[in-house]
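Below is one structure, written out as structure tokens; the observations come after it.
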Amino acid sequence: MRWRRIIVFGSAGLLVVAAAVGVYSYGSFFGWWARPTVHDAPEAKPAAVEPVASGLRLPFDLAFLPDGSALVTERETGRLRKVTADGQLTEVRTIREIAEPTKQAGLQGVAVSPSYERDGWVYVYYTTANDSRVGRLRLDSAAPPEPILTGIPSGEIH
């Protein structure tokens, strides 16, 4: 009886070890346990950071216009600013409908219409006293953003 247990448990142990070796070998063949190294990759040079514009107050998002300039939102001030490729900063307009900038509310997002050259729409995401919303506006108009989607609950984090 004792030899029978030894043979049964020994065989089971041998099967477990064989299965483990098989899985390891299979995984090695298919790269499961790979520790990739690259010996011939070119050495990266340290990056240099150059400011493009200064004087922005809490810039939050940016979107590029077809001419290569960027629209930048200032979350707390509600200003939509334009930065040209040579770093000139101009105020395009101020979104006055934003809530008092508390708990990360304000002018948060900006996107340029894919057909901007034809329709001139710029989309903004901002928080009002009642909700967060998406609106659209034209840069050449002083009209408030036209709400497109309203009732988005405001949260503690954006």
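Every letter in the sequence shown is one number past the one before it in numbering that gives the first Met the number 0, and letter 12, counting from 1, is 11. Even glycine gets a Cβ: it sits at the ideal position worked out from N, Cα and C. The structure displayed is predicted, hence computed values, not measured ones.
| Item | Value |
| --- | --- |
| Compare the Cα-Cα distances from E96 to each of S24, A52 and L79 and report the closest residue. | L79 |
| Kindly list the residues whose CB is nearer than 8 Å to the CB of G150, restricted to its own chain and excluding five residues on each side of it in sequence; keep chain order. | D130 and R132 |
| Between the segment 53–64 and the segment 101–112, do at least 3 Cβ pairs fall closer than 8 Å? | yes |
| Taking the alpha helix (DSSP H) that E42 belongs to, which residues open and close that run? | Where E42 is concerned, there is no enclosing alpha helix (DSSP H), given that its DSSP letter is neither H nor E. |
| Between which two residues does the alpha helix (DSSP H) containing D60 stretch? | Looking at the DSSP string, D60 is not in any alpha helix (DSSP H); the run it does join, the beta strand (DSSP E), is P58 to F63. |
| So, with DSSP's three-state summary, where would you put L138? | coil |
| Anyone know if the C-beta pair for V91 and V109 falls short of 8 Å? | no |
| When you compare the CB positions of L64 and Y25, do they come within less than 8 Å of one another, or not? | no |
| Quick check on the burial criterion: 16 or more other C-beta atoms within 10 angstroms. Buried or exposed for P113? | exposed |
| In angstroms, rounded to a whole number, what distance separates the CA positions of S140 and V121? | 11 Å |
| With E90 as the anchor, note down where its beta strand (DSSP E) starts and where it stops. | L88 to T93 |
| Using the Cα positions of R74 and A84, report the straight-line distance between them to the nearest angstrom. | 22 Å |
| Assign P50 to one of two classes, buried (16 or more other C-beta atoms within 10 Å of its C-beta) or exposed (fewer than that). | exposed |
| Using a Cβ-Cβ cutoff of less than 8 Å, which residues in the same chain neighbour P152 once the five nearest sequence positions on both sides are dropped? | D130 and S131 |
| In terms of DSSP beta bridges, what is D123 paired with? | Inspection of the sequence shows that residue 123 is occupied by Val rather than by Asp. DSSP output for V123 lists V109 and G134 as bridge partner(s). |
| May I ask you to report which of helix, strand or coil DSSP gives A128? | coil |
| What residues are listed by DSSP as bridge partners for A69? | F63 and V82 |
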